[in-house]
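Peer 1: Below is one structure. I have some questions about it.
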Amino acid sequence: MRRLTVANPSSFAARSYRDDAVVLRTHKLGEADRIITLLTKHHGQVRAVAKGVRRTSSRFGARLEPFMVADLQLVSGRTLDIVTQAVAKGAYGSSIAADYSRYTVAAAMTETAEKLTDADADSGTAQYNLLVGALAALSRSDHPPELILDSYLLRALATGGWAPSFTDCARCGARGPHTAFSAPLGGMICNDCRPPGSPAPRSRDRRLAGCAADGGTGLRRMCPNPCIAARPPDWWRVTSNGTLNEH
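The numbering of the sequence shown is the numbering used here, which starts it at 10 and goes up by one.
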């Protein structure tokens with residue numbers, strides 16, 4: 010009598026899954042493999058091994074290079090997943106790498122996405138959509154690279170819950186609006202909490218930054234030029250850099 014075999018739930022097929030992903034970074038493993046850090050659309054941040062990817066005959070080609078977007082088949086593992094298939098969806102890597110300013114901006118965006126999604130897995134889908142949109146705009150040269158970076162940073166930090174306060178006092182919560190800004194304290198601050206030397210941003214700059222962080226329609230009404238509207242003022246950039254360095 011033939012014995013019936015029961016499928017092992019830990020089998021290769023049972024552990025496989027499919028998802029869209031953007032390649033954040035890679036590093037070498039052994040003689041021919043790479044560890045790929047991915048931001049997936051539905052599974053958050055994933056670290057996976059791409060076996061044989063460094064060989065010239067690799068079936069993956071350039072689809073697992075930084076800044077590329079692909080439809081991936083993966084198998085979950087104990088510490089690292091394994092990439093078994095990759096179909097390109099957004100071939101942004103070559104056009105971005107061809108220009109130094111675009112490359113440095115893309116590197117800053119992927120590093121930001123890696124830090125934010127490592128700390129907050131719940132916002133993974135929103136962060137994925139933001140990053141893919143920014144990389145696509147960067148590869149097409151829709152706007153100057155620094156404007157795309159500023160716009161991306163503002164929205165990514167807001168999505169991750171790290172947006173500075175542009176209305177109430179960031180320290181004591183006193184109702185605003187307030188006129189002073191403190192990067193270490195996390196936003197606009199009242200006169201009682203204001204450290205010496207704090208900048209006093211213009212009212213228009215405060216409203217632009219607040220609207221951009223919220224992604225609201227008020228931004229377009231205030232400034233019809235998307236390049237200008239997307240760019241936060243210099244005083245806000247200090248906050249974004251400080252927030253990311255805390256991770």
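Ideal Cβ placement from N, Cα and C applies to all residues, glycine included. From a predicted model like this one, the values you see are computed outputs, not experimental measurements.
With 16 other CB atoms within 10 Å as the buried threshold, where does Y161 fall?
Peer 2: Numbered from 1 along the sequence shown, position 152 holds the residue referred to as residue 161. Buried is the call here.
Peer 1: If you draw a straight line from the alpha carbon of A145 to that of K37, how long is it in whole angstroms?
Peer 2: Here residue 145 refers to the residue found at position 136 when the sequence shown is read from its first residue. Here residue 37 refers to the residue found at position 28 when the sequence shown is read from its first residue. The alpha-carbon atoms of A145 and K37 are separated by roughly 26 angstroms.
Peer 1: So, is D131 buried or exposed, given that buried needs 16 or more other C-beta atoms within 10 angstroms?
Peer 2: For the purposes of this step, residue 131 is taken as the residue at position 122 of the sequence shown. It is exposed - the Cβ of D131 has fewer than 16 other Cβ atoms within 10 Å.
Peer 1: What's the C-alpha gap between V247 and L48?
Peer 2: Within the sequence shown, numbered from 1, the residue matching residue 247 stands at position 238. Within the sequence shown, numbered from 1, the residue matching residue 48 stands at position 39. Confidence is the limiting factor: at V247 the pLDDT is only 46, short of 50, which leaves the residue's position unreliable, though a coordinate-based value still follows. The straight-line gap from Cα to Cα measures roughly 26 angstroms.
Peer 1: Please check the pair R63 and T46, which I expect to be a contact at CB under 8 angstroms, by giving their CB distance rounded to whole angstroms.
Peer 2: The sequence position of residue 63 within the sequence shown is 54, counting from 1. The sequence position of residue 46 within the sequence shown is 37, counting from 1. Not quite, the Cβ-Cβ distance comes to about 16 angstroms (not below 8 angstroms), so this is no contact.
Peer 1: Would a C-beta distance cut-off of 8 angstroms place K60 and D28 closer than the cut-off?
Peer 2: What you label residue 60 is simply residue 51 of the sequence shown in a count that begins at 1. What you label residue 28 is simply residue 19 of the sequence shown in a count that begins at 1. Result no, Cβ atoms of K60 and D28 do not sit closer than 8 angstroms.
Peer 1: Please identify the residue among F69, V32, T119 whose C-alpha is closest to the C-alpha of R56.
Peer 2: Within the sequence shown, numbered from 1, the residue matching residue 56 stands at position 47. R56 has its Cα closest to that of V32, out of F69, V32, T119.
Peer 1: From D2 to P173, what distance separates their C-alpha atoms?
Peer 2: Summary: the structure shown does not reach residue 2, with the chain confined to residues 10 through 256, and so no result is reported for it.
Peer 1: Taking the DSSP output, what are the residues bridged to Q136?
Peer 2: Here residue 136 is taken as the residue at index 127 of the sequence shown, counted from 1. Partner(s): none; Q136 has no beta bridge.
Peer 1: Do you know how far the Cα of A23 is from the Cα of G86?
Peer 2: Mapped onto the sequence shown, residue 86 falls at position 77. Mapped onto the sequence shown, residue 23 falls at position 14. Cα-Cα distance, rounded: 11 angstroms.
Peer 1: In the structure shown, what three-state DSSP assignment does T65 receive?
Peer 2: The count along the sequence shown starts at 1 and reaches residue 65 at position 56. It is coil, neither helix nor strand.
Peer 1: Is the beta carbon of A179 closer than 8 angstroms to that of L194?
Peer 2: Locating residue 194 in the sequence shown gives position 185, where the first residue counts as 1. Locating residue 179 in the sequence shown gives position 170, where the first residue counts as 1. Contact: yes.
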